[in-house]
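Novice:
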Amino acid sequence: MEIRKVGVVGLGTMGAGIAQVSVQSGFDTVGREVSDELGERGRTTIERYLARGVEKGRLSEGELEAALGRLTLTTDLGELAECDLVIEAALEELELKRELFAELDRVTRPDAILATNTSALSVSDIAEATKHPERVVGMHFFNPAPVLPLVEIVRGRESSDGAVDAAYAWAEQAGKRPVRCNDTPGFIVNRILIPLLNDCVRVLDEAGVAPEEMDKAMTNGAGWPMGPCALIDLIGVDVHVHASEALHGKLGDERMAAPERLVRMQQDGALGRKSGRGFYEY
Ligand SMILES: NC(=O)c1ccc[n+]([C@@H]2O[C@H](COP(=O)([O-])OP(=O)(O)OC[C@H]3O[C@@H](n4cnc5c(N)ncnc54)[C@H](O)[C@@H]3O)[C@@H](O)[C@H]2O)c1
């Protein structure tokens, strides 16, 4: 099925980025927010990022205007009825997502693809809230969505090959590098990266290493493009702790649990770049 019109549910950090990817790739896109104010805030975020692209010469003023012209805003899920693909990027709460999918299932055509950007919930559990779980898949973007190329295309228990292939093809058309995987906790990248980053933080205390030295070790000894402490600061300590707790809850492996040091940083408000202070000062 050809995807012409895209819906994005939630224009927060991820949803605004995903909507930007969509409009920049030429798709008419309907952004749904819970209030007009939040919708406008989402549009402003997109406009600001696109304007930065114009300043840096990555796109022209005309392309910015055309991209913004493809975005419409609504507070009504019913206005997503004509969409061929809907990507949900609302709060990470199972009940909320199940309610949204039950409603999306009612308002969209039965052949439209419904995708969730969940990081840690089960795509199959969300899909169960619909009458057509075969058209539900995961599309896990990485933050910032307009910048990071990877999209994990997650096959739920009942996802059809057609739905997985359509989501994959759309991601490629939108300039992304999609990868298919099953609906397992943490999918691919988080399943590997979260325990690995937690190990790095534990080694700081076990081996008496300063964050700068840890980052020097991993960039120079393991060829990482960025050190683990700088990476956690970029992700956000709170986001990382939350993801660790979710994976620990599902897999029970102690390496997934957030290290004490990160929990203390979160309690102290040292959240990384976004708070001006984490392992480093910003
Ligand atoms: N932030 C990340 O690094 C990241 C990366 C990949 C995936 N995700 C996933 O993306 C999703 C969104 O995360 P985010 O970081 O953009 O969060 P966010 O807090 O920035 O945005 C949450 C969105 O949910 C909306 N919302 C709140 N209450 C709602 C309700 N009752 N009904 C419908 N929408 C409601 C908000 O208006 C907002 O648009 C989550 O599932 C998260 O796990 C996040």
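In our numbering, the protein residues as written are 463 to 744.
Note that beta-carbon positions come from the ideal geometry of N, C-alpha and C, so glycine has one too.
Please read these numbers as outputs of a predicted model, since none were measured by experiment.
Taking 8 Å as the threshold (C-beta atoms), are S581 and V599 in contact?
Specialist: Position 137 of the sequence shown, counted from the start, is the residue given in the question as residue 599. Position 119 of the sequence shown, counted from the start, is the residue given in the question as residue 581. No. Outside cutoff.
Novice: Per DSSP, which residues does R642 bridge with? Please list them.
Specialist: Position 180 of the sequence shown, counting from 1, holds the residue named residue 642. The partner list for R642 (beta bridge, DSSP) reads I615.
Novice: In whole angstroms, give me the CA-to-CA distance for F489 and R503.
Specialist: For the purposes of this step, residue 489 is taken as the residue at position 27 of the sequence shown. For the purposes of this step, residue 503 is taken as the residue at position 41 of the sequence shown. Approximately 20 Å between the Cα atoms of the pair.
Novice: With DSSP collapsed to three states, give me the class of D623.
Specialist: Residue 623 sits at position 161 when you count from the first residue of the sequence shown. In this structure, D623 counts as helix in the three-state DSSP scheme.
Novice: Taking only three categories from DSSP, how would you classify K736?
Specialist: Along the sequence shown, read from residue 1 onward, the residue named residue 736 stands at position 274. Helix, per DSSP.
Novice: At which residues does the beta strand (DSSP E) containing I575 begin and terminate?
Specialist: To locate residue 575, count along the sequence shown from 1; it is residue 113. Segment 575-578, the beta strand (DSSP E) holding I575.
Novice: Going by DSSP, which residues form a beta bridge with H602?
Specialist: Taking the first residue of the sequence shown as position 1, residue 602 is located at position 140. Its beta-bridge partners are E614.
Novice: Following the continuous alpha helix (DSSP H) through I650, name the residue where it begins and the one where it ends.
Specialist: Here the question's residue 650 lines up with position 188 in the sequence shown. Careful: I650 lies outside any alpha helix (DSSP H) and carries neither H nor E.
Novice: If you follow the beta strand (DSSP E) that D567 is in, where does it begin and where does it stop?
Specialist: In the sequence shown, residue 567 corresponds to position 105, counting from 1. D567 -> not in any beta strand (DSSP E); alpha helix (DSSP H) instead, spanning 556-569.
Novice: Whose C-alpha, out of G624, R735, V703, E674, is nearest the C-alpha of I465?
Specialist: Taking the first residue of the sequence shown as 1, we reach residue 465 at position 3. The option with the nearest alpha carbon to I465 is G624.
Novice: Quick check on DSSP: helix, strand or coil for R726?
Specialist: Here residue 726 corresponds to residue number 264 of the sequence shown, with the count starting at 1. Looking at R726 - three-state DSSP - the assignment turns out to be helix.
Novice: What is the DSSP secondary structure of V485, reduced to helix, strand or coil?
Specialist: Mapped onto the sequence shown, residue 485 falls at position 23. V485: helix per DSSP, three-state reduction.
Novice: Pull up the distance between the alpha-carbon of D677 and that of C662, whole angstroms please.
Specialist: As a first step, residue 677 is located in the sequence shown; it is residue number 215 there, counting from the start. As a first step, residue 662 is located in the sequence shown; it is residue number 200 there, counting from the start. Distance between the alpha carbons of D677 and C662 is about 9 Å.
Novice: How is E743 classed by DSSP in three states: helix, strand or coil?
Specialist: Taking the first residue of the sequence shown as position 1, residue 743 is located at position 281. Three-state DSSP puts E743 in a strand.
Novice: Ligand 1 and Y602: does the residue's C-beta get closer than 7 Å to at least one heavy atom of that ligand?
Specialist: In the sequence shown, the residue the question calls residue 602 occupies position 140. The sequence given here places His at residue 602; Tyr does not occur at that position. Yes, the beta carbon of H602 sits closer than 7 Å to at least one heavy atom of ligand 1.
Novice: Assign K518 to one of two classes, buried (16 or more other C-beta atoms within 10 Å of its C-beta) or exposed (fewer than that).
Specialist: Walking along the sequence shown from the start, residue 518 turns up at place 56. Exposed, by the Cβ-count rule.
Novice: Which of the three DSSP states is assigned to G731 in this structure?
Specialist: What you label residue 731 is simply residue 269 of the sequence shown in a count that begins at 1. Correct three-state label for G731: coil.
Novice: DSSP on G515, reduced to helix/strand/coil?
Specialist: Locating residue 515 in the sequence shown gives position 53, counting from the first residue. Residue state, collapsed to three classes: helix.
Novice: Measuring CB to CB, does V471 end up less than 8 Å from A552?
Specialist: If you number the sequence shown from 1, residue 471 lands on position 9. If you number the sequence shown from 1, residue 552 lands on position 90. Going by C-beta atoms, V471 is nearer than 8 Å to A552.
Novice: Could you check if V471 belongs to the surroundings of ligand 3, using beta carbon to heavy atom distance under 7 Å?
Specialist: Ligand 3 is not part of the structure shown, which contains ligand 1 as its ligands.
Novice: In the DSSP assignment, find the alpha helix (DSSP H) that holds K712 and state where it starts and stops.
Specialist: Within the sequence shown, the letter at position 250 stands for residue 712. Here the alpha helix (DSSP H) through K712 covers 699-713.
Novice: Relative to the alpha-carbon of G637, which residue among G670, F603, T537, V496 has its alpha-carbon at the smallest distance?
Specialist: Translated into positions along the sequence shown, residue 637 becomes position 175. Ranking G670, F603, T537, V496 by Cα distance to G637 puts F603 first.
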